[in-house]
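Reading through the structure tokens given below for one structure.
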Amino acid sequence: LPPETGREPGPFPPPLPPLAEYKSFRPDPLKELSETPIGFEGMRIDRKFFEKFEEVVKGNEYVKDKIYEGKYEEAERYIKREVFDKPEEYFNLDKLRKSVMLDRRLSLREILERIFGRIKKFKTKDDLLEEEIEKFISIYHPENKFIHIIRQFMKAYILDTELREILNSKEYGRLETNPGFTMRDLKELAGWKDPVAEYIKDYVPLNTFVA
Numbered sequence: 015l016p017p018e019t020g021r022e023p024g025p026f027p028p029p030l031p032p033l034a035e036y037k038s039f040r041p042d043p044l045k046e047l048s049e050t051p052i053g054f055e056g057m058r059i060d061r062k063f064f065e066k067f068e069e070v071v072k073g074n075e076y077v078k079d080k081i082y083e084g085k086y087e088e089a090e091r092y093i094k095r096e097v098f099d100k101p102e103e104y105f106n107l108d109k110l111r112k113s114v115m116l117d118r119r120l121s122l123r124e125i126l127e128r129i130f131g132r133i134k135k136f137k138t139k140d141d142l143l144e145e146e147i148e149k150f151i152s153i154y155h156p157e158n159k160f161i162h163i164i165r166q167f168m169k170a171y172i173l174d175t176e177l178r179e180i181l182n183s184k185e186y187g188r189l190e191t192n193p194g195f196t197m198r199d200l201k202e203l204a205g206w207k208d209p210v211a212e213y214i215k216d217y218v219p220l221n222t223f224v225a
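First residue of the sequence shown: 15, per the numbering used here; consecutive thereafter.
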């Protein structure tokens, strides 16, 4: 079974040519151990804020015990109650998200996983999009000639609230002015529109992709 569930219109990568045999072109995550890069000011100011939070939670025996026991929800509840919004730093999730300067909304669980070494880096929005695309392809096995348009459609459907509204309301004429996915693209998608849309509705947490 697929994993548990996920606006901005923007430019999408050009369609890939049909492949003789599908294979993943995503880089090996084990080779990408560096953290998400941030600017110089972020290195000097925002990373310092994140590192202070890291020091606090790593020094808390209760939090450490819960993380090592795999009880993340208990650790999160404790942090929200006993660590967040306290003098002197007034840590909270919004400030931590801003300190990381990622292109999507991080969860507290991801932050804890990064601090305690469960993950090597925070995944970007595109990392997560590619993961969902590969999961869909591995489950439904579309023909190679449809893979490029399925990739384009999944990215557009996840990121573009207007596109989701157009398709849900069946106001397809509005696709003529949609920059991310057009009527021509929809025709090229053939019968894959509904399976992709249902997969996203059932398994993809859209809030994860909000900046």
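From the three backbone atoms N, C-alpha and C, an ideal C-beta is built for every residue, glycine too.
A Cβ-Cβ contact shorter than 8 Å links E90 with L122. A residue is called buried once 16 or more other Cβ atoms fall within 10 Å of its Cβ, and V218 is buried on that count. Between E83 and D208, the alpha-carbon positions lie close to 40 Å from each other. Close CB contacts of F150 within its chain, under the 6 Å cut and outside five residues either way in sequence, are with Y213 (chain order). Taking a C-beta distance under 8 Å as the contact criterion, R111 and V224 do not qualify as a contact pair. For the pair S113 and R178, the CB atoms are not nearer than the 8 Å cut-off.
DSSP places L126 inside the alpha helix (DSSP H), whose first and last residues are 122-129. It is roughly 45 Å from the alpha-carbon of E96 to the alpha-carbon of Y154. Looking only at S183, R198, L203, the smallest Cα-Cα distance to E190 is reached by R198. The C-beta separation of I129 from E68 comes to about 5 Å, placing the pair in contact by the 8 Å criterion. Rounded to the nearest angstrom, the gap between the Cα atoms of I180 and Y186 is 6 Å. Where R91 is concerned, the enclosing alpha helix (DSSP H) starts and stops at 86-96. Residue nearest to K137 within the set L120, A170, F167, F195 is L120 (criterion: CA-CA distance). Our two residues, S183 and G194, have alpha carbons roughly 17 Å apart in a direct line.
For H155, no alpha helix (DSSP H) run applies, since DSSP gives it neither H nor E.
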